Amino acid sequence: MHITSLSASPSERSRSAWLTQFALTRLEGRAARHDDILVRALPAGPLLAADVQDAAIAAAVQSVEAADLLIVSTPIYKAAYSGLLKVFLDLLPPDALRDKLVLPLATGGSPAHFLALDYALKPVLSALGARHVLDGVFATDAQLRRHEAGGYVPEPDLIARLDRALAPLAPRMRAPLEAAVSC
Ligand SMILES: Cc1cc2nc3c(=O)[nH]c(=O)nc-3n(C[C@H](O)[C@H](O)[C@H](O)COP(=O)(O)O)c2cc1C
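Just so you know, the sequence shown maps onto residues 9 to 191 in the numbering used here.
What follows is the structure, encoded as structure tokens:
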């Protein structure tokens, strides 16, 4: 399975980007290929000018188009996904996410916006053709405590919700889902 992860926080020590990497570890080697896109590392000028001829932008778009599973992670900003994420998603061609599995992830400072993936991001994913969207996973900052050695420590409840979201990718269910992805 080709997995592309798209992390859209401007922060260097990003909780949502860390959650993405953690989700990959829970997939236990299911990725035949993994591309990691940090939107903040893309060239800002071409990104803001929607220059899809730029080599780095074109490679990132192509990586999304080639993915079987796209993991999209974002911090919650002003009760929605980050502007950085929208700037990138706006570069994708219509129907770019059709026939892909999509896992939405978000981290936010307060539980008040735990529905932001449902009311803000999922309609955008749907507009891009996504029809196979796994359960979104929202984590509060308190559920991802800083680790003194770097990284974060996820609460057991968060791990359980992440594993539940990824359950359709378990080997016993692989055949029907891969059929759905390839149709
Ligand atoms: C500009 C800004 C706006 C934010 N708005 C919200 C918000 O509306 N709701 C919320 O729960 N957290 C909000 N937060 C907190 C972040 O979503 C939270 O700290 C998140 O974990 C950051 O993710 P990151 O480390 O991947 O950037 C905001 C943070 C910033 C910097």
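All residues carry an ideal CB built from backbone N, CA and C; glycine is no exception. Remember, it's a predicted structure, so these values are computed and weren't measured experimentally.
Assuming residue i and residue j are in contact, meaning their beta carbons sit under 8 Å apart, how far apart are those beta carbons, in whole angstroms?
i	j	result
Gly116	Ala124	7 Å
Pro112	Leu133	7 Å
Ser81	Ala114	7 Å
Ala66	Val60	6 Å
Ala138	Val110	5 Å
Gln151	Leu170	That belief does not hold up - the Cβ atoms of Gln151 and Leu170 are roughly 11 Å apart, past 8 Å.
At the level of alpha carbons, what is the spacing between residue i and residue j?
i	j	result
Met9	Leu105	15 Å
Arg48	Tyr85	15 Å
Lys130	Asp143	10 Å
Thr12	Leu78	5 Å
Phe146	Ala75	23 Å
Phe122	Ala40	32 Å
Leu136	Tyr89	16 Å
Asp44	Leu14	6 Å
Leu32	Ala57	31 Å
Val141	Leu46	21 Å
Val189	Gln29	At Val189 the pLDDT is 38, less than 50, meaning the model places this residue with poor confidence; the figure from the coordinates comes in the next sentence. For Val189 and Gln29, the distance between alpha carbons rounds to 23 Å.
Can you name, in chain order, every residue of its own chain whose Cβ lies under 6 Å from the Cβ of residue i, other than the five neighbours on each side?
i	result
Ser17	Ser24, Ala25 and Pro83
Ser19	none
Pro54	Asp62 and Ile65
Within a Cβ cutoff of 8 Å, which residues of the same chain sit near residue i, ignoring the five residues on either side of it in sequence?
i	result
Leu174	Ala31, Arg34, Leu35, Leu111 and Leu142
Arg182	At Arg182, the pLDDT of 43 sits below 50, so the modelled position is not reliable; the number obtained from the coordinates is stated separately. Result list for Arg182: empty, nothing under 8 Å.
Query raised in the report: Pairing CB atoms from the segment 96-111 with CB atoms from the segment 150-157, are three or more of them under 8 Å?
Result: no
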